[in-house]
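A.B. asks: What follows is a structure written as C-alpha cells; I'll ask about it next.
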Amino acid sequence: MARVTLDCRSVPSESNCSLTISGEPDEVLRAAAAHAVDVHGHVDDDELREGLRTALSEAAALDLEPGAFVQLIEFSTDRMEGFRDLEQQWLDEIGSDRTAVWGVVGVDRSEPRRFVQVVAFPDAEQAAANSKHPATGRIAEQLRAMCDGEPVFRDLDVREVRVF
257 MARVTLDCRS VPSESNCSLT ISGEPDEVLR AAAAHAVDVH GHVDDDELRE GLRTALSEAA
317 ALDLEPGAFV QLIEFSTDRM EGFRDLEQQW LDEIGSDRTA VWGVVGVDRS EPRRFVQVVA
377 FPDAEQAAAN SKHPATGRIA EQLRAMCDGE PVFRDLDVRE VRVF
C-alpha cells in the first residue's frame, strides 16, 4: 500500500503546529486523529476524520534503506532545457522497465553550468538492469553530447539512512 503523509502545516491551525505523520493511510489517519484531539482540542468524529482524509498526500518518494543504491552524476552544460526533454523521452521509452525510483537534480550555486543528479534504485542489481536497458543507452549518448566533457559517475551503496 502507498505511504501517505499528513502535515499539520497544510491544515489551518492557530497553533502553527509543524508535526508531520507518515505511514500507511489507516495508520496516519488514526495517529492524526489522536494528535488532533490531544494537541489541538478537536473532537474525534466523522467530520474530523473526513477533514484529515482530504489533507492526506502521497509520501515523498525519497525514502531509502540500507542496501539501496544511489548513483551520483556530475556534469556541466548550458543546455539544461534539452537535458530535461531527453530525460522525459527516456521515461517515455523505458516505461515500466524503469528501476530508478527517484531522482534529484541540483545546480552548483557558484558555477551555474555545473549540475549534480542523484538517482536512487532499490539495489545495485536493479541499477545495473536500468543501465543495460536499450532506452538508457540511447538517451545516455545524446546526454553526453550535450555536456561539456565527460560526466563523472559515482556509484554508492547505501549503508545508513538518517532523517534530520
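Be aware that the sequence shown starts at 257, since it is given in this note's numbering, and climbs by one per residue. Heads up, the beta-carbon is just placed ideally off N, CA and C, and yes, glycines get one too.
Beta-carbon within less than 8 angstroms of L312's beta-carbon, same chain only, minus the 5 sequence neighbours each way: which residues are those?
C.D. replies: The answer, listed in chain order, is V260, T261, L262, P281, V284 and L285.
A.B. asks: What number of angstroms, rounded off, separates the C-alpha of L308 from the C-alpha of C273?
C.D. replies: Their Cα atoms are separated by approximately 15 angstroms.
A.B. asks: CB D223 to CB A385, shorter than 9 angstroms?
C.D. replies: The structure shown does not extend to residue 223, since the chain spans only 257 to 420, so no value can be given for it.
A.B. asks: Among E306, K388 and A376, which residue has its Cα nearest to the Cα of V361?
C.D. replies: Among E306, K388 and A376, the Cα nearest to that of V361 belongs to A376.
A.B. asks: Report all residues from its chain with a CB closer than 7 angstroms to the CB of R415; omit the five preceding and five following residues, and keep chain order.
C.D. replies: The residues are P322.
A.B. asks: Just to confirm, are W358 and T392 a CB contact at a threshold of 9 angstroms?
C.D. replies: No, the Cβ-Cβ distance between W358 and T392 is not below 9 angstroms.
A.B. asks: Starting from the Cα of F331, find the closest Cα among D411, V417 and E406 and give me that residue.
C.D. replies: Ranking the options by Cα distance to F331, first place goes to E406.
A.B. asks: Can you tell me the Cα-Cα spacing of M402 and D319, whole angstroms?
C.D. replies: Between M402 and D319, the C-alpha separation is close to 30 angstroms.
A.B. asks: Compare the C-alpha of G338 against each of V295, L412, Q398 and P390 and name the closest.
C.D. replies: Out of V295, L412, Q398 and P390, Q398 has the C-alpha closest to the C-alpha of G338.
A.B. asks: For R370, I'd like the list of residues in its chain whose CB is within less than 8 angstroms of its CB, leaving aside the five on either flank, ordered along the chain.
C.D. replies: Closer than 8 angstroms at Cβ, skipping near neighbours: E330, F331, S332, V363 and D364.
A.B. asks: Tell me, please, which residues DSSP counts as bridged to S332.
C.D. replies: According to DSSP, which records beta bridges pairwise, S332 is partnered with R370.
A.B. asks: Taking 8 angstroms as the line, does the beta carbon of Q344 fall inside it for any heavy atom of the ligand ADP?
C.D. replies: Questions concerning the ligand ADP fall outside what the structure shown contains, since it holds no ligand whatsoever.
A.B. asks: Helix, strand or coil for R286? Go by DSSP, reduced to three states.
C.D. replies: Helix at R286.
A.B. asks: The beta strand (DSSP E) that contains D421, what's its start and end?
C.D. replies: Beyond the ends of the chain as shown, which are 257 and 420, falls residue 421; an answer cannot be given.
A.B. asks: Look at the Cβ atom of D300, then the Cβ atom of A290, and state whether they are nearer than 9 angstroms.
C.D. replies: Yes. Within cutoff.
A.B. asks: Measure how close the beta-carbons of T355 and P378 come, nearest whole angstrom, since I'm counting them as under 8 angstroms.
C.D. replies: With a Cβ gap of about 7 angstroms, T355 and P378 count as contacting.
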